[in-house]
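What the sequence shown shows, in my numbering, is residues 843 to 1720, in sequence order.
Glycine residues also receive a C-beta, built at the ideal position from the N, C-alpha and C atoms.
Following: one structure in C-alpha cells, then a few remarks.
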Amino acid sequence: MRFNASGRAGSYRFTLLAGAAVFAVTAPSVAVAQDMEEDTGLEAPENNNQIIVTASKREQTLQETPISVSVTSGETLEQAQIRDVLDLQTVTPSLRVSQLQTSSASTFIIRGFGNGDNNFGVEPSVGVFIDGVFRSRSAGALSDLNNVQRIEVLNGPQSTLFGKNASAGVISIITREPQFEFGGSVEASYGNFNNLFLRGDVTGPITDNIAFSIDGSYQNRDGTAEIVNLGVDQNDRNRWSARGQLLIEPSADFRIRAIADYSRIDEVCCQVGTVVAGPTAPALNLLGGNVQTFDTFFDRTANLNIIPVNEVDNYGGSIQMDWETGPLTFTSITAYRELDNFFRSDIDYTGADIAVEQRDQKVETFTQEFRITSDFDGPINFLLGGFYFDETITQESQIENGTQIRDFFEILAGGNPADVLTGAPSVFNGVEQALGLPQESIFRTPLLTNESFAMENTAWSIFGTVDFEPADGLVFTVGFNYTDDSKDFALSQNSFDPLANINLVDAFIVGGIAQALQIAPSQVTPAVIANFASGAQTAPIFAAIAGAAQDPAQNPLLGLQPFQFQPPFLAIPNAVEDGRTRDDEFTYLLRASYQISNEVNLYASYATGFKASSVNLSRDSRPLGTDFVAGPRGSTILAPSSPILNAGLATPNLASGTRFAGPEEAEVYEIGMKAQWEGFGFNLAIFDQTIQGFQSFAFTGTGFALRNAGEQSVKGFEFDATIVPTDGLVLTFATTYLDPLFDSFPGSVVGDLTGQTPAGIPEWTIATSATHTHEWDSGTRLITRIDYNHESNVDINNGLPTFNAALGNTRIFRREVNLVNASVTLALNNGLEVGAFARNLLDDEYILTVFDGVAQSGTVSGYPNAPRTYGGVVRFKF
C-alpha cells in the first residue's frame, strides 16, 4: 500500500502553477544589482544583473565563479519575509532544511546529503559559516536572520576552501559590516497567530577610522498548534537576538572587524501528530491518552501531559583582520562560541503520563583561520589557508518514568485493564515474584535512565588553491586540503528499571542450574556456569536448559523482552574500547574554466571531500560488532567469545551496534556553464556526486542508530535563470533534478537498501519568482513579488524500523510540496516602506517526516508543515 499525504492542496496546484515555473532558479539570482549598492556598499557593476559573491574566498561576480552556488540577497530576504534558514529553502532548490523534535533539531541537506539533526555527536555534512565563522551544530545557526547582506549556498564538497566538514556543501551567510556613513533601519511587522516581529540596526562612524553597527531582532508569536488538554499553544515563536560590530581601519591596507552576538530561543516545540494509531492506542486511551487519528493530523492539535521546554542560548564573538601588502592579502579570523541547548519533551506524545525526556547540552568552540590570497598580474595566483578547531561537548540527559508507565505496560503485557486501573495485583507482580524482585519495583523508579556524555574534538587543516591562466579566459585550478581530526569521548548510563537489568534467557539458565545443583540462584556464579556447561555429566543437562531458555513455550519470561528497551549501557572508555577516533585525509580539486566571451563561462571539475568520524552520543550507543557479539536473545551466558565478554565487561542485554560512524568521503564530477547577457542570464551545473560511508542516523522507536552506508550517490543537474523582460520586472527560475541511489547499504536499520532509491530526496525541486517594481518620478516604488516552491512527490523514508518490520516495507508514506508566497511593498522616497506578505498562501498541507511511535509498536507519528501565515510590515530606512 502506498500512502500519499501531500495534503488537501495536492498535486493539482502543481499543474496550475507550473506554467509560472518557466520563468525562474537560484532564486538567489533575484539579487539584481540595482539594489547592490544599498545591500553591500559596493559600487554596482555596469551590467545590472551581476552579483558579487565570495564563494571562492575572493570577490568575484557570480558568472566568474566556477562553482555551483545560489545567492539570496538581503533585499530578497526582506521582500519574501525569510526570517531564518528554515525558510531559505523555498528560494534555493538544492537546499532542504528540516526542524523536527525540538527548536534546535534541524538538518541541512544539499543535493540529498545531510545529517546531524538530533545528536550533537554527529557533525553536519553541510557546513554553516556566518561571517567566515564555522557553526559546528545546526542549533548555532537558527536565530532570526538580521542585517544580512547575502546568503551563498555552495553545492558539493568544498574542502579546498573551508577547513572543516564540508563534504556535502556550505551555507555561507554574510552580514553587512559597519559603515562610515550614519544610517540604519527599523522594522515592525504583525501577522496572524499574533506574530509580532521587530528588528532594527544602526551604523555610523565613531572616528575617522572606526565605525560601528548594532542590530537586533525580537519575535513573539502564538503557536500554530495547540496542546488541547493543557490549553497551551505549541510551535510558538519566542526568540531574540542582538549583535554589535566594530570596523577599525587604521590605514588604507589594514582593517579589523570585531563581532559579538547573543541569541536566545525559548519556545514550546514541536507539534507531533498521529499518522497511524497502532494496537497500543486502546491502552493509552484507557489511561486518558486521547490518541488521535490521521483525520485530525492537520488540525495541529495534540494531547500531552507536560508543556515542552526548548531553550537555546547561542553566543560568541569573532575578530577578523585583513592586511593588504602589494599583491598579497593576509586574513585572520579568530572566534569563540558557546551553545547551550536544553529541552524537555513528552516523548510518548499522548495525554497519558508515560515518559518524559530531558536533555541539557553545552558546546564550546574555538576556531582560528589564517589565509593568504594573491592578486598578481601574472598567470598564477593562489590561496593558502590554515584552520584550527577545538570543541568541547557535554551532555546530561534522562528519561523520567511517568506515573502511568507501569499501568500502560501492564495492559500491553496482558494484564486485566480493570485490575490495572484499580491497582490490583497484575502481570508485573507475578514477574517480580518469579524473578525475586521487590513488589511494585518494575517501572516504578523515578528515572528509567540517565546519561552523561562528553566529547573533545580537535582538528587542524591546511587548504589552498592555485590558479594558472596560460591564456586570457582559460584558467586551470588545483586545490587541496589536508585535515587531521581527533575525538576523545566518554559515555556512561544508568538503567534503573530492575527488569531491564535481567536477561531473561540467562535468568532461566541460572534458575535451571540452581535447581539441578540444588543451590540458591545467587550461588550460580560464572565459574559454576562454566563448570556445569563443560562437565561430562552436566553438559547434556546444560544444553537442554539452554534450549528451553530460548523457547517461548518453555520460558514464558521471553514475552517480557519488549519491555526491556532501555537495558544497561557499557560505559566507554573501558578496557576494550578506548573512546577515541583518529582521522586524517587529503582531498583535492581539479578544475578547468574557460571564458568563451564576456558573456559565457564554462567549467569542468573533479573534487573530493571529507567529513571526520561522528560519535553516537545517545543512550543507544553500543559496542562495535568486532568487540562484542551477543548470544541468542541477548544472552551473555550463550554469547561467543569476544574481547568485551572475555574482559568480563558484558552487561545484561548488551547488544552490538555503533559507538561511532567512520568518515565520509565524497567525490563529485561536475561541468557547468554560466552566461549573462543584458536582460537574461542563466547558470547550469551537471554533476555526479558520491559519498562513501555516508553517516546515516535513524530513529528506531526507542533509540538512535548511527551507521555508515557503503556508498550513496546522486546524479543530476541544477539550472537557474534570471530574465528582465522589461524595466522593473525580474523573473527567476531555478530547478534541481536529482537521481539518488544507495549503491551499497546492506546494514541499514530497515534491512539491505543496496540498489534502492534513498527516500526523502525529491526528484524535482523548483523555485521560481516574479518581482515587479513600479517607480514613479518622485522615486517612490511599488514592489510586488510572488514566488513558488515545488518538491515532487517522494517517499518520506525507506521504511520505519518498527512499523514496517512486520509489513515488509510495503507501506511507505509520501510527501509533495507546493508553496506559494507573496508580498507587496510600497517604498516611499523618504525611506518609509509599508507592505503586506503571505507565506504558504494557498495553505498547502504535507507531512514533513514520520517516525515510529516511541515504545508504541505499530504506531506512526509525524510532523505537519507550517500553515499559512500572513501579515503587514512597516519599515523605515535612514
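Based on DSSP bridge pairs, tell me the residues matched to residue i.
i: Trp1519; result: Phe1522
i: Gln941; result: Ser948
i: Ala1301; result: Phe1231, Asp1327
i: Glu1509; result: Thr1450, Thr1532
i: Ile1013; result: Val970, Val995
i: Pro1706; result: Ile1689
i: Gly1042; result: Val1028, Gly1058
i: Asp1339; result: None; Asp1339 has no bridge partner.
i: Ser1456; result: Ala1503
What's the call for residue i, buried or exposed, on a 16-neighbour Cβ count within 10 Å?
i: Asn1440; result: exposed
i: Ala947; result: buried
i: Gly1476; result: buried
i: Gln991; result: buried
i: Ala1313; result: exposed
i: Gly1499; result: buried
i: Ile1361; result: exposed
i: Asn1077; result: buried
i: Ala1619; result: First, the amino acid is wrong: residue 1619 is Asp here, not Ala. Exposed.
i: Asn1671; result: exposed
i: His1616; result: exposed
i: Pro1169; result: exposed
i: Thr1122; result: buried
i: Thr1568; result: exposed
i: Gln1396; result: exposed
i: Glu1419; result: buried
i: Phe1720; result: exposed
i: Gln1518; result: buried
Judging by CA-CA distance, which residue of the options is the nearest neighbour of residue i?
i: Arg1681; options: Asn1037, Leu1402, Ile1214; result: Asn1037
i: Arg1424; options: Phe1502, Gly1490, Ser1014; result: Phe1502
i: Arg1433; options: Ser1294, Met1163, Thr1002, Ser1484; result: Thr1002
i: Ser1456; options: Asp1629, Asp1330, Ile1052; result: Asp1330
i: Ile1638; options: Gly1353, Tyr1688, Asp1581; result: Tyr1688
i: Gly1641; options: Tyr1630, Ile1654, Ser1634; result: Ile1654
i: Gln1200; options: Ile1235, Leu1225, Phe1172, Asn1152; result: Asn1152
i: Leu1341; options: Pro1169, Pro1280, Arg1079, Tyr1104; result: Pro1280
i: Thr1307; options: Tyr1430, Phe1338, Arg1422, Pro1267; result: Tyr1430
i: Gly1570; options: Ile993, Ile1098, Ala1612; result: Ala1612
i: Gln1246; options: Lys1557, Tyr1230, Asn1663, Leu1128; result: Leu1128
i: Tyr795; options: Arg1142, Ile1052, Ala1517, Ala1697; result: Nothing about residue 795 can be read from this structure; the chain reaches only from 843 to 1720.
i: Asp1188; options: Gly1256, Leu1146, Ile1304, Ala1388; result: Leu1146
i: Ser789; options: Pro935, Thr1138, Arg925; result: Not covered by the structure: residue 789. The range shown for the chain is 843 to 1720.
i: Leu1480; options: Leu1583, Val1510, Asn1397, Ala1375; result: Ala1375
i: Glu1512; options: Gln902, Thr903, Ser898, Ile909; result: Ile909
i: Asn1071; options: Gln1537, Phe1136, Thr1192; result: Thr1192
i: Ala1296; options: Leu1459, Pro1363, Asn1323; result: Leu1459
i: Arg1097; options: Ile1161, Asn1345, Pro1150; result: Ile1161
To the nearest angstrom, how far is the alpha carbon of residue i from that of residue j?
i: Asn1292; j: Gly1115; result: 27 Å
i: Asp1164; j: Phe1004; result: 17 Å
i: Gln921; j: Ser1283; result: 60 Å
i: Lys1006; j: Leu1333; result: 25 Å
i: Arg1710; j: Asn1034; result: 9 Å
i: Asn961; j: Phe1559; result: 31 Å
i: Tyr1712; j: Phe1405; result: 47 Å
i: Asp986; j: Thr1045; result: 19 Å
i: Ala1276; j: Ala1349; result: 10 Å
i: Trp1302; j: Arg1213; result: 14 Å
i: Lys1204; j: Leu1181; result: 6 Å
i: Ala1386; j: Pro1485; result: 27 Å
i: Ser1692; j: Phe1645; result: Contrary to the premise, residue 1692 reads as Val rather than Ser in this sequence. Spanning the two alpha carbons is a distance of roughly 11 Å.
i: Ser1105; j: Val1347; result: 52 Å
i: Thr1760; j: Ala1356; result: Since the displayed the chain opens at 843 and closes at 1720, residue 1760 lies outside it and no answer follows.
i: Leu996; j: Arg1627; result: 25 Å
* Asked: Do three or more CB pairs link the region 958–976 to the region 1175–1193 at distances below 8 Å?
  -> Taking 8 Å as the limit for Cβ pairs, the verdict is that the region 1175–1193 does touch the region 958–976.
* Check whether the region 1100–1117 touches the region 936–952, counting contact only when three or more Cβ pairs, one atom from each stretch, lie closer than 8 Å. => Touching, per the Cβ criterion.
* To do: Pair every Cβ in the region 1467–1482 with every Cβ in the region 1436–1454, then say whether three or more of these pairs are closer than 8 Å.
  => With the cut-off at 8 Å, the region 1467–1482 and the region 1436–1454 do not touch.
* Asked: Is the number of C-beta pairs between the region 1061–1071 and the region 1084–1099 that are closer than 8 Å three or more?
  -> Taking a cut-off of 8 Å for Cβ pairs, the region 1061–1071 and the region 1084–1099 do not touch, as fewer than three such pairs fall below it.
* **Cβ contact (3+ pairs, closer than 8 Å) linking the region 1375–1383 and the region 1392–1412** => No, the region 1375–1383 does not touch the region 1392–1412.
* Asked: Are at least three pairs of beta-carbons, each pair with one atom in the region 1246–1261 and one in the region 1225–1237, less than 8 Å apart?
  -> By the Cβ criterion, the region 1246–1261 is not in contact with the region 1225–1237, since fewer than three pairs of Cβ atoms, one from each stretch, lie closer than 8 Å.
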